[in-house]
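Residue numbers (the numbering used here): 902 to 1171.
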């Protein structure tokens, strides 16, 4: 028998044992079962299919500063990929240096949310997409002027036509919103160490992280920060001294919704 013939079964057995050890139960099954792994894609709406052309266009528009009134602010200014698709400052800074009332949420995994913005005023990414462009404190751009600017570039004429081939004049506000939404639905983190751990790889996270998971459950954090996106998507009153932001009340005008905001996601777990 050759050395090669002896080594092949040995290597196969070694690989099997290594995989078996990695999949061995670490005794935390009851805790793991309280969590959900993130799917690779969020639900895709019937009226906004996810096509390569549309996602490419949305990507371009997300980083396009010329759809702001100053010509220097894009969606990526506040949702910076190098900063976790957020800005890591307490409150967003927008047009002409204005400071907004709220912290910039990451766009990662945002397609899994039941509503958009901290107060839930937009039901989906399509409804959310144009808000920052028009908001005076953010990009401060008249939407018709933004579309006029896009029409002025042959590249955008080409890309909109490729994304919406059945339309004669595809550079519209609706298509702008749908392209941005389509791109954002691709910004997901389904292969994080914690997701791999939930899928069965017991060595994907450290023992310290496992201790943190146990503490997270035992101390009740999971009551609000639950599900694949680590949020119950509910709105809770978290008013702090000096706060003037009325939160969900701005949307519903219900007295009981004053100072309510959606439960933040724990994206850093992913």
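Using N, Cα and C, we set each Cβ at its ideal position, and we do this for glycine too.
Where residue i falls, given that 16 or more other Cβ within 10 Å makes a residue buried
i	result
residue 1107	exposed
residue 937	exposed
residue 989	exposed
residue 1067	exposed
residue 1149	buried
residue 1145	exposed
residue 1168	buried
residue 1096	buried
residue 1061	buried
residue 1085	buried
residue 1018	buried
residue 1006	buried
residue 949	buried
residue 1033	buried
residue 923	Low confidence applies here, because residue 923 scores a pLDDT of 46, under 50, leaving its location unreliable and the question unanswered by this model.
residue 1151	exposed
Three-way DSSP call (helix, strand, coil) for residue i in this model
i	result
residue 922	Confidence in residue 922 is poor, its pLDDT being 42 and thus under 50, which makes the residue's placement unreliable; the coordinate value appears in the next sentence. If DSSP states are grouped into helix, strand and coil, residue 922 belongs with the helices.
residue 852	An answer regarding residue 852 cannot be provided, because it is not within the stretch 902 to 1171 covered by the chain.
residue 1152	helix
residue 1013	helix
residue 1168	helix
residue 981	strand
residue 1080	helix
residue 1023	strand
residue 1129	coil
residue 987	strand
residue 956	helix
Beta strand (DSSP E) segment containing residue i, residue limits
i	result
residue 1138	1136–1138
Cβ-Cβ separation, residue j to residue i (assumed contact under 8 Å), whole Å
i	j	result
residue 1166	residue 1117	About 14 Å; that fails the 8 Å criterion.
residue 959	residue 1129	Actually they are not in contact, since the Cβ atoms of residue 959 and residue 1129 sit about 23 Å apart, beyond 8 Å.
residue 1027	residue 1078	5 Å
residue 966	residue 975	4 Å
residue 1164	residue 1134	7 Å
residue 968	residue 1047	4 Å
residue 1074	residue 1031	6 Å
residue 955	residue 1064	4 Å
residue 1115	residue 984	Contact flag wrong, Cβ pair sits at about 30 Å.
residue 1105	residue 1091	With a Cβ gap of about 13 Å, residue 1105 and residue 1091 do not count as contacting.
Run of the alpha helix (DSSP H) containing residue i, from where it starts to where it stops
i	result
residue 1117	1108–1119
residue 1050	1044–1052
residue 1162	Residue 1162 -> not in any alpha helix (DSSP H); beta strand (DSSP E) instead, spanning 1161–1163.
residue 1097	1094–1099
residue 1105	Careful: residue 1105 lies outside any alpha helix (DSSP H) and carries neither H nor E.
residue 933	930–933
residue 1018	Where residue 1018 is concerned, there is no enclosing alpha helix (DSSP H), given that its DSSP letter is neither H nor E.
residue 1055	1055–1064
* **Inter-stretch contact (C-beta, 8 Å, three-pair minimum) for the segment 1127–1140 and the segment 1154–1163** => yes
* Could you tell me whether the segment 1028–1041 touches the segment 991–1003, using the rule of 3 or more Cβ pairs below 8 Å? => yes
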